[in-house]
Amino acid sequence: MDGGISLVNYNYHKLLEPMEFQKFSRDVIQMRDNIFLESYKEGKDQGIDGGYFHQGSTIIFQAKRWKCDYRTLYRHLKNVEREKVEKLNPDRYILAIAMDLSRLEKDKIKELFHPYIKSSDDILCESDFNNLLGQDKYKSIEKKYYKLWMPSTNVLQNLLNSTQHGVLLYESAREFEEALRRAEVFVKTKPYNNALKKLEEKKVVLISGEPGVGKTSIAYQLGRYFIQSKRYTAFYWVKSVDDIYVALRSEEKKVILFDDFWGSIFQESSVSGKDEQRLAKIIERIKDDKNSVLILTTREYILKQGFKKHADLKDVVEKYKLECRLDEYRDVEKVKIFFGHLKQSKLTWQQTEEMFHEHKKIVKHANYNPRIIEMFLRNVDIKEHPQEFVENFWDYLECPENFWQAIFNNLSTEAKLLSIILLISPIPIQSNNLKEMYNRCLKQMDNVIEKKSFQECIAELERTVIKSLAFEEESTIIIKFQNPSVQEYLHSYLHHHIDHYFDILLHGMCYYNQLVYLLTDFSNDLSDEKYRIVLKKCIDNFESMPRITKNFMDFLDDNEFEYFEAKINGNSTFHQFYDLICCYGIRKLSEYQAFFEKYIKKFSSQLGNFDLVIEDEDLDIYPHVIKKCISIGISFSGLNIIKAYYDRICYENRFLDIIDFKGVFPKEYQVFLTDYREKIKTYLEEYYIDKLYYYLEMDDVSHFKYLCSEIPEQLDIYGLAYTSEFKSIIEEYLGALDEAAAVVEECDDYQEENQVGESELAYNEVVNIFKNDIFGENSFFWEEDLQDYIRNSVLSESLKNELIELKEKDECWYIHEFLKDEMSFLFLERNLIDEGVLYKNAMLFTFQLIANMSSCSDIPNQQLIGFLIEICPDIMYRENAMLTKEEIMSTEAYKIHFEDEERFFEQLVKCGLFVEQGKWYELVNILLVMMPFGLFIASLEQEDKIDYYNSMNMEKEWPVLRVRKKKTSAVEGNIYTADIGFYYFKNTDWERVFFKMFFEFDQADYLEYYVIPMTHTYFQEVNRDTDIETVAIVLKNLEFTIDINRNGENVGDQMSVPPVWRVIESLDIGYIFDLVPYNFSEEQMNYIAKKFEIIREGESEIYRINFGRLENTEIISELEIDISAQRVFKKIYEVLQIC
1 MDGGISLVNY NYHKLLEPME FQKFSRDVIQ MRDNIFLESY KEGKDQGIDG
51 GYFHQGSTII FQAKRWKCDY RTLYRHLKNV EREKVEKLNP DRYILAIAMD
101 LSRLEKDKIK ELFHPYIKSS DDILCESDFN NLLGQDKYKS IEKKYYKLWM
151 PSTNVLQNLL NSTQHGVLLY ESAREFEEAL RRAEVFVKTK PYNNALKKLE
201 EKKVVLISGE PGVGKTSIAY QLGRYFIQSK RYTAFYWVKS VDDIYVALRS
251 EEKKVILFDD FWGSIFQESS VSGKDEQRLA KIIERIKDDK NSVLILTTRE
301 YILKQGFKKH ADLKDVVEKY KLECRLDEYR DVEKVKIFFG HLKQSKLTWQ
351 QTEEMFHEHK KIVKHANYNP RIIEMFLRNV DIKEHPQEFV ENFWDYLECP
401 ENFWQAIFNN LSTEAKLLSI ILLISPIPIQ SNNLKEMYNR CLKQMDNVIE
451 KKSFQECIAE LERTVIKSLA FEEESTIIIK FQNPSVQEYL HSYLHHHIDH
501 YFDILLHGMC YYNQLVYLLT DFSNDLSDEK YRIVLKKCID NFESMPRITK
551 NFMDFLDDNE FEYFEAKING NSTFHQFYDL ICCYGIRKLS EYQAFFEKYI
601 KKFSSQLGNF DLVIEDEDLD IYPHVIKKCI SIGISFSGLN IIKAYYDRIC
651 YENRFLDIID FKGVFPKEYQ VFLTDYREKI KTYLEEYYID KLYYYLEMDD
701 VSHFKYLCSE IPEQLDIYGL AYTSEFKSII EEYLGALDEA AAVVEECDDY
751 QEENQVGESE LAYNEVVNIF KNDIFGENSF FWEEDLQDYI RNSVLSESLK
801 NELIELKEKD ECWYIHEFLK DEMSFLFLER NLIDEGVLYK NAMLFTFQLI
851 ANMSSCSDIP NQQLIGFLIE ICPDIMYREN AMLTKEEIMS TEAYKIHFED
901 EERFFEQLVK CGLFVEQGKW YELVNILLVM MPFGLFIASL EQEDKIDYYN
951 SMNMEKEWPV LRVRKKKTSA VEGNIYTADI GFYYFKNTDW ERVFFKMFFE
1001 FDQADYLEYY VIPMTHTYFQ EVNRDTDIET VAIVLKNLEF TIDINRNGEN
1051 VGDQMSVPPV WRVIESLDIG YIFDLVPYNF SEEQMNYIAK KFEIIREGES
1101 EIYRINFGRL ENTEIISELE IDISAQRVFK KIYEVLQIC
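Quick note: the sequence shown uses full-length UniProt numbering, first residue 1, plus one each step.
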């Protein structure tokens, strides 16, 4: 980069998101003009993206990240943006465009915005930005927007050439390419910004965090930033301390990235600590090295564990440490990550659209996980139906058995075993407990020759299955699953493979909790023999086998609690007794009856020993345990059980819940209520007064009010009255509620509401930006501007006049199809410029377009025609013509005619058949494939043609729902297809064109072998003895519904349109809406008023008549519908010559 200028050639539309381009443009303009442009919150800019307001001078700036035809841009600026600028009336207007403009095009825009654009320099386009970024002055901006630097530049090649050590070359190159790939979906978060600041200040940063939180992604982007922004020229991906020393020998400016460094070098075998000492020295050396930066990542728990062993390294590293947590991500950041992966995926348009609309549910889902999203999207079959694809995604997210199966199958044998051990253990579990059982189980696996160590398995599982957390108070490590759905999959897996793991687990178990879990959750999968073995071991070791009693519930996330709460709460001895007796009740083994009776009677006798602590959870399940014991034949004194339990409840000052005994001991329960009536009343009143006083002191209004509503319910359960004395005490407490607490709560609600509102605004703006970015911008004002567009085109005057004349006439429908949208018109315009003539014969028009495409590419005419015919069925049954490059090249049509050669795809784009729209390629107009296909069918031998027409059997198709509403100045119509059912054409407009095309190219045979037989069959089926009955059955089958206002006007209709009527309408033979009159007489309205109720719909009052539900045909003659319908039928009979 000599002389302060370098050549850059960035594609800003492709590399930057809309908001990024806006900020980038703002920064360039600020530096160029030495001004400060205010920026506005997303969604609140009212058409401007930045402003300068100083001493009465106003400058506004706007950025358009568009990549389109110049005339599209100009038309939008003219019809949309100019009015906004005129309202603001600035002294100066600056426009930034992410596309290239010629000098003439700039001048036209300058003239459009006169007098606001002072100079063409205030219209910055792609080449202007590249020119400025080539100057040293703007290098800081280039560095800031790291996405600009992609593999298309020479930097990567220079970087790889400068990596001098052969051992590092290959892996460093591949990892750097991975960094470039991830840049497209990387979202700058607070941890990234903090890490960047630390690295710039201290030359070393250590990023720690849980597995999957994004440590490596942040490290990648930090490395990219320094290569681009700081002009570092070498990138080293190292795997050992020795690699760092090799990298440091290079004199060039370099980035050294050591991913998961402690997991790589500081294994249990590293007893001497030599690597740690060497790394400490390296860190101290690099902080003073102007040519090196060091980026380290590690798992948080390993870091804390390592610090305990190597205090000297802790003193050095602590100052460079930065912890990264996934729970710090906001919804806006989550949705950006999701959209980034969606944008980078190879999904079809339909799959992408279906998935896009799920964004809110995905971001809010408890199992949201970027890694799962990325892995799912990376492995999708593009041939999968979009709705099925989305359903599969939710299966993956909520119960991703197939997803986890693929992961589980790739695990080593030892890692699979360790995950099974974790499944049957209390979760979360201490690492040392898990390790103890793993080592014991490993001894049972004689078939494994080289057995992995516990630490190796942990490292393997942490990539996808588990996460490890440091528990500082206990100086230990806690292990849990990364995602609750892993546990669900493993549970299902063990159900199907219990015989394989039975002996290994049975003989390797160290803790009673695991043994009981095996029995309770898998007893149905065990043979009688194995069930007896496990039950015997449970009972024999009930008192002697150690239990895991430590509760690490605080380490569970909200979405995990419901999955693991039962296992945690089920760790008490009494709860495990309950589990045992439940299993015993299924398959009774009489030799163990005495064990259960002895234990429950001992526990019951301890209820009265208030010096003995009994856990709350044990008291909660006690009535259920008694019930289960009775079911296996153990007898009790019911009254003594209830009394002892009640006394214990009162002693513990717990919520009184003895109603469960009513079903177990009905007589004794009634005796107890009678004997203890006053005691129960006193206890309940004292209990609630104490609780209410506590919540009153805490200003906890919600809990206080909940208790107040609970009191009468509880009293009623035990047959007690809500006395006026007790009620007055409660009302006194209610009056004493601190009003200030309510004010504070109201204020908090307002602030929270305000924050949520702003957050929601930013979220919605991100959604809109990505929607436009992924699916493309909408066209503007096409219908209104078509004539102006034709007049402003570069066509000859005669051609312009021909097109305008055609636009007003109902002829040459196939040319009309190219006047309906901007993209089609531009394609037609290019063809007309080259040909200089407009053919008004359908066949000649088709060949004209094909010949022009062939001449604009290297594809021979016949080869192109063959491709267009073959690919037509692949496209015309879709909802739209948006495809990925991979979709197009994977079609049989492409493989047959172009033999998978990529150069032909480029020619298909070059000739205008497909237009690039972001990641999509859109077929310009469906007629470009449909007309060659139609000509091919029309040229078939008679027998083959008849077979084809017979194959177009649409009887199985579901009708489409058509709804029309008459507005003040127009009729608004919509067509809907059902979510279920079968349709040949998902795009009903394409279906219409398809029918018209055969009528155009092969009228006689098409009518004889397809239209007439279909129509004849239909009218034979609906024909009845009288005209009125025939009309009635037609309207009934169509489920025809009309809305009539008080003035007698038909203001709307709704019907289910079967294929035969869609064919008839497409060929302009007859129309369903003509079956019913448009206006009704006063006499007819009086008849309607007597028969039907008036209903309100919005601000209108209407009569709604559903002919699909009417049994009486009288109304058809009264409203003269039979006359209008027979008029339609007559025309159809005459045109098609059927009776």
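A virtual CB, placed ideally from N, CA and C, is assigned to each residue, including glycine.
Bear in mind the structure is a predicted one, so any value in this text is a computation, not a measurement.
**Q.** Local Cβ density within 10 Å of Y651, reported as buried at 16 or more and exposed below that
**A.** If you number the sequence shown from 1, residue 651 lands on position 651. By the 10 Å Cβ count, Y651 comes out exposed.
Q) So, is I1095 buried or exposed, given that buried needs 16 or more other C-beta atoms within 10 angstroms? A) Taking the sequence shown and counting its residues from 1, one reaches residue 1095 at position 1095. An exposed status is given to I1095, since fewer than 16 other beta-carbon atoms sit within 10 Å of its beta-carbon.
Q.
Within 10 Å of its beta-carbon, does V744 have 16 or more other beta-carbons around it, so buried, or fewer, so exposed?
A. By one-based count along the sequence shown, residue 744 stands at place 744. With a pLDDT of 41 at V744, under the threshold of 50, the modelled position of this residue cannot be trusted; read the value that follows with caution. V744 counts as exposed, since fewer than 16 other C-beta atoms from the protein chains shown sit within 10 angstroms of its C-beta.
Q.
Along the chain, where does the beta strand (DSSP E) containing W394 start, and where does it finish?
A. For the purposes of this step, residue 394 is taken as the residue at position 394 of the sequence shown. For W394, no beta strand (DSSP E) segment is defined; the enclosing uninterrupted segment is the alpha helix (DSSP H) at 386-398.
Q: Name the one or two DSSP bridge partners that R75 has.
A: Numbered from its first residue, the sequence shown carries residue 75 at position 75. Here R75 is not bridged, per DSSP, to any residue.
**Q.** Short Cβ contact (7 Å threshold) for V28 with I141
**A.** Position 28 of the sequence shown, counted from the first residue, corresponds to residue 28. Position 141 of the sequence shown, counted from the first residue, corresponds to residue 141. Yes; because the gap between Cβ atoms is below 7 Å, this pair is in contact.
Q. Are the C-beta of D611 and some C-beta of chain B separated by less than 7 Å?
A. Of the chains in the structure shown, none is chain B; there is only one protein chain.
(Q) Within 10 Å of its beta-carbon, does H897 have 16 or more other beta-carbons around it, so buried, or fewer, so exposed? (A) By one-based count along the sequence shown, residue 897 stands at place 897. For H897, the number of other beta carbons within 10 angstroms of its own is at least 16, and it is reported as buried.
Q) What residue does the alpha helix (DSSP H) around T682 start on, and which one ends it? A) As a first step, residue 682 must be located in the sequence shown, where it is residue number 682. Counting along the chain, the alpha helix (DSSP H) containing T682 begins and ends at 677-697.
Q: For N1079, name the three-state secondary structure that DSSP assigns.
A: Translated into positions along the sequence shown, residue 1079 becomes position 1079. When secondary structure is reduced to three states using DSSP, N1079 falls in the strand class.
Q) So, are the CB atoms of I123 and K106 less than 7 Å apart? A) By 1-based counting over the sequence shown, the position of residue 123 is 123. By 1-based counting over the sequence shown, the position of residue 106 is 106. By the CB criterion at 7 Å, I123 and K106 fall inside the cutoff.
**Q.** Cβ neighbour criterion (16 or more within 10 Å) applied to R587
**A.** Within the sequence shown, residue 587 is the residue found at index 587, counting from 1. So R587 ends up on the exposed side.
Q) Taking the alpha carbon of S208 as the point to measure from, which residue in A219, F998, T72, E201 has its own alpha carbon closest? A) Here residue 208 refers to the residue found at position 208 when the sequence shown is read from its first residue. Looking at the Cα atoms, A219 is the closest of the given residues.
Q.
Within the continuous alpha helix (DSSP H) that includes C476, where are the two ends?
A. As a working note, residue 476 is residue 476 in the sequence shown. It is Thr, not Cys, that sits at residue 476 in the sequence shown. In the DSSP annotation of this structure, T476 is not part of any alpha helix (DSSP H); the continuous beta strand (DSSP E) holding it starts and ends at 476-481.
Q: Taking N194 as part of the alpha helix (DSSP H), name the residues at either end of that continuous run.
A: On the sequence shown, position 194 is the one that residue 194 refers to. Secondary structure note for N194: its alpha helix (DSSP H) is the uninterrupted segment 190-202.
Q: Using the Cα positions of E111 and M99, report the straight-line distance between them to the nearest angstrom.
A: Taking the first residue of the sequence shown as position 1, residue 111 is located at position 111. Taking the first residue of the sequence shown as position 1, residue 99 is located at position 99. Taking the Cα positions, E111 is about 19 Å away from M99.
Q.
Taking the alpha-carbon of P623 as reference, which of I658, V238, V241, L707 has the nearest alpha-carbon?
A. By 1-based counting over the sequence shown, the position of residue 623 is 623. Ranking I658, V238, V241, L707 by Cα distance to P623 puts I658 first.
(Q) If you reduce the DSSP assignment to three classes, tell me which class A938 lands in. (A) Stepping through the sequence shown from its first residue, residue 938 is reached at position 938. It is helical.
(Q) For W920, report the span of its beta strand (DSSP E) as first-last. (A) Against the sequence shown, residue 920 aligns to sequence position 920. Residues 920-923.
Q: Provide the residue span of the beta strand (DSSP E) that contains H54, from first to last.
A: For the purposes of this step, residue 54 is taken as the residue at position 54 of the sequence shown. From DSSP, the beta strand (DSSP E) with H54 extends over 50-54.
Q) Going by beta carbon distance, what residues of the same chain come within less than 6 Å of F936, once the five residues before and after it are set aside? A) For the purposes of this step, residue 936 is identified with residue 936 of the sequence shown, where counting begins at 1. Closer than 6 Å at the Cβ level, and outside the excluded window around F936, lie I869.
**Q.** Whole runs of the alpha helix (DSSP H) within the segment 998-1076, excluding any shorter than 4 residues
**A.** For the segment 998-1076, whole alpha helix (DSSP H) runs of length 4 or above, ordered along the chain, are 1003-1006, 1012-1022, 1027-1038, 1059-1066.
Q) Secondary structure at T298, three-state DSSP: helix, strand or coil? A) Translated into positions along the sequence shown, residue 298 becomes position 298. When DSSP states are grouped into helix, strand and coil, T298 belongs to the strand group.
(Q) Check whether the segment 530-539 and the segment 494-508 are in contact - that is, three or more C-beta pairs closer than 8 Å. (A) Note that the segment 530-539 touches the segment 494-508; at least 3 beta-carbon pairs, one per stretch, sit closer than 8 Å.
Q: Quick one: using the 10 Å Cβ neighbour count with 16 as the cut-off for buried, is G50 buried or exposed?
A: Walking along the sequence shown from the start, residue 50 turns up at place 50. Buried, since its Cβ has 16 or more Cβ neighbours within 10 Å.
Q | C-alpha distance - K87 paired with V80, whole-angstrom precision | A | Stepping through the sequence shown from its first residue, residue 87 is reached at position 87. Stepping through the sequence shown from its first residue, residue 80 is reached at position 80. The straight-line gap from Cα to Cα measures roughly 12 Å.
Q | Alpha carbon of Y1009 to alpha carbon of G934, nearest angstrom | A | Residue numbering aside, residue 1009 sits at position 1009 when the sequence shown is read from its first letter. Residue numbering aside, residue 934 sits at position 934 when the sequence shown is read from its first letter. Going from the Cα of Y1009 to the Cα of G934 covers about 15 Å.
Q | For A1004, the nearest candidate out of S590, C441, K945, N34 (CA to CA) | A | Position 1004 of the sequence shown, counted from the start, is the residue given in the question as residue 1004. Among S590, C441, K945, N34, the Cα nearest to that of A1004 is on K945.
Q) Between the C-alpha atoms of N367 and L469, what's the straight-line distance to the nearest angstrom? A) Sequence index remark: in the sequence shown, residue 367 carries index 367 (1-based). Sequence index remark: in the sequence shown, residue 469 carries index 469 (1-based). Computed Cα separation, rounded: 19 Å.
Q) Can you find at least 3 beta carbon pairs, one from the segment 821-841 and one from the segment 919-927, that sit closer than 8 Å? A) Yes, since at least three Cβ pairs between the segment 821-841 and the segment 919-927 fall closer than 8 Å, the two stretches touch.
Q.
Suppose the cutoff is 7 Å on Cβ atoms and the five residues either side in sequence are ignored; what does the same chain contact list for L303 look like?
A. As a working mapping, residue 303 is identified with position 303 in the sequence shown. Residues S208, W262 of the same chain have their beta carbon placed closer than 7 Å to that of L303, with the five preceding and five following residues left out of the count.
Q: Give every residue of the same chain whose Cβ lies closer than 7 Å to the Cβ of N831, excluding the five residues on either side of it in the sequence, and list them in chain order.
A: For the purposes of this step, residue 831 is identified with residue 831 of the sequence shown, where counting begins at 1. Hits under 7 Å: Q848, L849, N852.
Q: Give the range of the beta strand (DSSP E) segment to which Y93 is assigned.
A: Counted from its first residue, the sequence shown places residue 93 at position 93. Taken as a continuous stretch (DSSP letters only), the beta strand (DSSP E) holding Y93 covers 92-97.
Q: Below 8 Å on the Cβ atoms is my guess for F454 versus I466; work out the distance and round it to an integer in Å.
A: Here residue 454 refers to the residue found at position 454 of the sequence shown. Here residue 466 refers to the residue found at position 466 of the sequence shown. F454 to I466, Cβ: 12 Å. No contact.
Q | First through last residue of the alpha helix (DSSP H) which encompasses I649 | A | One-based indexing of the sequence shown puts residue 649 at position 649. Where I649 is concerned, the enclosing alpha helix (DSSP H) stretches over 638-652.
Q) If L397 and I295 are in contact, beta carbons under 8 Å, what's the gap, nearest whole angstrom? A) Along the sequence shown, read from residue 1 onward, the residue named residue 397 stands at position 397. Along the sequence shown, read from residue 1 onward, the residue named residue 295 stands at position 295. Their Cβ separation, rounded to whole angstroms, is 32 Å, which puts L397 and I295 out of contact at 8 Å.
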